[in-house]
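Residue 73 in this note's numbering sits at position 43 of the sequence shown; the count goes up by one each step and never skips. Built from N, CA and C at the ideal position, the CB exists for glycine as well. Notes to accompany the following structure.
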Amino acid sequence: MPYFDHNATTPLSDAAREAWLRVQAENWHNPSSPTRAAARAKIRLDSY
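So, in structure tokens, the structure goes:
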């Protein structure tokens, strides 16, 4: 029986890829960490 997982194989749109790269470059901290930078990353992550 074939298994088609469209979610795992669909390429990102250019806009989604650019947004992901920007967020990763600016907010790479662990959002569970008790640092200010991590708190900013958590705020950004929770805004989506």
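With a threshold of 6 Å on Cβ separation, who are the neighbours of residue i within its own chain once the five nearest residues in sequence on each side are excluded?
i	result
A71	N57, H59 and P61
L75	P61
Helix, strand or coil, according to DSSP, for residue i in the structure here?
i	result
H36	helix
L42	coil
W58	coil
In its own chain, which residues sit with a C-beta less than 8 Å from the C-beta of residue i, not counting the 5 before and 5 after it?
i	result
A68	H59, N60, P61 and S62
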